[in-house]
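The structure appears right after this line, and notes come after that.
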DNA sequence: CAACATGTTGTATATTATGCAACATTCAAA
DNA sequence: TTTGAATGTTGCATAATATACAACATGTTG
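Chains as they are written, first to last, in this note's numbering: chain A, 3 to 253; chain B, 3 to 253.
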């Protein structure tokens, strides 16, 4: 069904270009005439999946997308199952707790639970983080073989901070350490001043990985160090891995 | 673009039938053969908007839907603008704070902020509530004229609890009271034992309504009564209505 | 086991998505 | 302001594709 495939490509383009699409832009990327791109986007908007800004004429995500995503979360039991334990973990550590799944060389954030403190480092669900720099990403990569990881990264990973690992070999060494340690660490590799640790789970039936992480600003652990947070995360991991039953905790 | 219109209908059907679609079901509702429905859903799954359960063969929402919805929230500034103040309101009242927009005779929940207490009455964003029974729904209906409301409800509103208003006349009397009071009340009309109050805002430019509500179990106000929550909500409303500037606080 | 649903795939045909062109707007530079 | 280019939309003939029908494999139910 080719016209639907094109619609999917347009939606992917929307996500990748930051949430706004213009007709001309779409026509160029999907190699169709402006006229047909116009008709395509208009149809998507007619259904409510997109909506067109009456002023700028740009297309954005519509309300239907929120409704579909809600049914995703309802079906993806894991998110709801994990919610309470994530809230407990956020309470214990006083920091933001994340849940993410792999998406190519990125991590798709499915849920965030903010800690009790007013200022928290977090994004809304649906955002994607670069896997090589995020703790969740490295925890998920650690579930794969080195060979698979090399195949995934065609180019060298992008540098985001001075701490980011920018070569695949360097990344693989870090991931080997992650496997030994049992948890992944991102020390300011994604954002300056922010550390995060993460454990990865694997659902053998769906052959899908899930990661849970805790992120925290450096200054918050000046006195206590990382250990209390690591302990809390590992305790969470043991409880979560067994409680879910058919979801196996791998690391 | 007819095939895209059909895809939109299928997605709408997915949402309305609770998050799972079967090929046969789709073919019947959209009046197409099973073969073509199979091809349609397979295309949507190829793009990641849906995914097919390998065991049951049923189609569910896919990861792309979460990504699109995220870009919706990013663009719909209001949700992000409101987040901090909603968190403050949840802290003050110690109850769940909701943000919703109208969707026919229902309210689409765009955001929930849970109160600090462990057990909270809340749903995930994307769910829809019946407008005639939810406080947010009545706050939003109060922005419309009685004539518009009558046109919206073709049949009598559905009964959900013993308190639900099940005739349009009864509902209109309640909404008239809402307009006078400045806020809407749902006293166990949606769920037994749960009250909620709500105020509605209107964005004159987008000609779109937005409601904020606080929900709380009856037992939690045995000593204090509703007034503290009402005061907090109205203070929020003044702040929110003026702070946004171009969004007018209507009630 | 039989009768029945269900999901998928192949093929000829008829519907439809496409390319091209024209038009109205918008925007930037002259 | 004027000119020129870029943008979004619509109409139309044609080529591409979505469709109906059928057959098949695989559960499901009586």
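All C-beta atoms in this analysis are idealised placements derived from N, C-alpha and C, irrespective of residue type, glycine included.
Using a Cβ-Cβ cut-off of 8 Å (strictly less than) and excluding sequence neighbours within five positions of residue i, which residues of its own chain qualify?
i, result
"residue 247 (chain A)", "Only weak support is given to the placement of residue 247 (chain A): the predicted model assigns it a pLDDT of 46, under 50, and the question is left unresolved by the model."
"residue 53 (chain B)", "47, 61, 62, 63, 64, 65"
"residue 189 (chain B)", "165, 197"
Have a look at residue i and residue j and give me their C-alpha separation to the nearest angstrom.
i, j, result
"residue 191 (chain B)", "residue 27 (chain B)", "33 Å"
"residue 249 (chain A)", "residue 124 (chain A)", "Interpretation of residue 249 (chain A) is limited by its pLDDT of 44, a score under 50 that renders its predicted location unreliable; the figure taken from the coordinates is listed afterwards. Each residue's Cα considered, the two are about 26 Å apart."
"residue 97 (chain B)", "residue 234 (chain B)", "11 Å"
"residue 29 (chain A)", "residue 193 (chain A)", "35 Å"
"residue 91 (chain A)", "residue 225 (chain B)", "32 Å"
"residue 204 (chain B)", "residue 144 (chain B)", "11 Å"
"residue 253 (chain B)", "residue 151 (chain A)", "Caution applies to residue 253 (chain B), whose pLDDT of 40 falls short of 50 and renders its modelled position unreliable; the value that the coordinates give is listed next. Taking the straight line from one Cα to the other gives about 56 Å."
"residue 237 (chain A)", "residue 243 (chain A)", "10 Å"
"residue 55 (chain B)", "residue 170 (chain B)", "42 Å"
"residue 32 (chain B)", "residue 22 (chain B)", "15 Å"
"residue 15 (chain B)", "residue 25 (chain A)", "28 Å"
"residue 78 (chain A)", "residue 59 (chain B)", "15 Å"
"residue 17 (chain A)", "residue 114 (chain A)", "20 Å"
"residue 174 (chain B)", "residue 80 (chain A)", "42 Å"
"residue 85 (chain A)", "residue 126 (chain A)", "15 Å"
"residue 182 (chain A)", "residue 227 (chain A)", "21 Å"
"residue 172 (chain A)", "residue 19 (chain A)", "29 Å"
"residue 176 (chain B)", "residue 87 (chain B)", "28 Å"
"residue 49 (chain A)", "residue 146 (chain A)", "39 Å"
"residue 57 (chain A)", "residue 180 (chain B)", "34 Å"
"residue 93 (chain A)", "residue 93 (chain B)", "15 Å"
Could you spell out the range, first to last residue, of the beta strand (DSSP E) harbouring residue i?
i, result
"residue 177 (chain B)", "Premise fails: residue 177 (chain B) lies in the alpha helix (DSSP H), 170–183, not in any beta strand (DSSP E)."
"residue 205 (chain B)", "196–205"
"residue 95 (chain B)", "Segment 79–95 is the alpha helix (DSSP H) holding residue 95 (chain B); no beta strand (DSSP E) there."
"residue 116 (chain A)", "Counting along the chain, residue 116 (chain A) falls outside any beta strand (DSSP E), and DSSP gives it neither H nor E."
In chain B, what lies closer than 8 Å to residue i by C-beta?
i, result
"residue 65 (chain A)", "74, 103, 105, 110"
"residue 48 (chain A)", "7, 10"
"residue 13 (chain A)", "49, 51, 66, 70"
"residue 83 (chain A)", "Those do not exist, as residue 83 (chain A) stays about 13 Å from chain B at its closest Cβ, beyond 8 Å."
Taking Cβ positions, are residue i and residue j nearer each other than 9 Å?
i, j, result
"residue 219 (chain A)", "residue 196 (chain A)", "yes"
"residue 106 (chain B)", "residue 154 (chain B)", "yes"
"residue 211 (chain B)", "residue 111 (chain B)", "no"
"residue 132 (chain A)", "residue 89 (chain A)", "no"
"residue 70 (chain B)", "residue 128 (chain A)", "yes"
"residue 222 (chain A)", "residue 100 (chain A)", "no"
"residue 73 (chain B)", "residue 62 (chain A)", "yes"
"residue 178 (chain B)", "residue 148 (chain B)", "yes"
"residue 82 (chain A)", "residue 75 (chain A)", "yes"
"residue 5 (chain A)", "residue 6 (chain B)", "yes"
"residue 135 (chain A)", "residue 164 (chain A)", "no"
"residue 34 (chain A)", "residue 45 (chain B)", "no"
Taking C-beta pairs closer than 8 Å, name the residues in chain A that residue i reaches, listed in chain order.
i, result
"residue 16 (chain B)", "70, 73"
"residue 45 (chain B)", "3, 6, 7, 10"
Can you give me the Cβ contacts of residue i inside the same chain, cut-off strictly under 6 Å, excluding the 5 residues immediately before and after it?
i, result
"residue 200 (chain B)", "137, 138, 141, 186, 213, 215"
"residue 95 (chain A)", "216, 231, 234"
"residue 116 (chain A)", "98, 122, 124"
"residue 109 (chain B)", "102, 131, 133, 136, 138, 139"
Name the chain A residues that come within less than 7 Å of residue i, Cβ to Cβ?
i, result
"residue 129 (chain B)", "72"
"residue 217 (chain B)", "The premise fails here: residue 217 (chain B) is roughly 18 Å from chain A at the closest Cβ pair, so nothing lies under 7 Å."
For residue i, which residues of its own chain have a beta-carbon under 7 Å away from its beta-carbon, when the five flanking residues on both sides are left out?
i, result
"residue 51 (chain B)", "64, 66, 67"
"residue 42 (chain A)", "8, 9, 12"
"residue 119 (chain A)", "96"
"residue 168 (chain A)", "158, 159, 161"
Just to make sure I have the definition right: I need the residues of chain B whose C-beta is within less than 7 Å of the C-beta of residue i. Which are they?
i, result
"residue 41 (chain A)", "3"
"residue 96 (chain A)", "Near residue 96 (chain A) there are no residues of chain B at all, since even the closest Cβ is about 13 Å away, more than 7 Å."
What residues from chain B crowd round residue i, counting only those whose CB sits closer than 9 Å?
i, result
"residue 27 (chain A)", "What residue 27 (chain A) touches in chain B: nothing, since even the nearest Cβ is about 15 Å away."
"residue 87 (chain A)", "Result: empty, since nearest Cβ-Cβ is about 12 Å, beyond 9 Å."
For residue i, report the span of its alpha helix (DSSP H) as first-last.
i, result
"residue 17 (chain B)", "4–18"
"residue 130 (chain A)", "Residue 130 (chain A) -> not in any alpha helix (DSSP H); beta strand (DSSP E) instead, spanning 130–132."
"residue 140 (chain A)", "137–143"
"residue 27 (chain A)", "25–32"
"residue 151 (chain A)", "148–154"
Could you tell me which chain A residues have their CB closer than 9 Å to the CB of residue i, listed as they occur along the chain?
i, result
"residue 204 (chain B)", "Here the premise fails: no neighbours, minimum Cβ distance about 17 Å."
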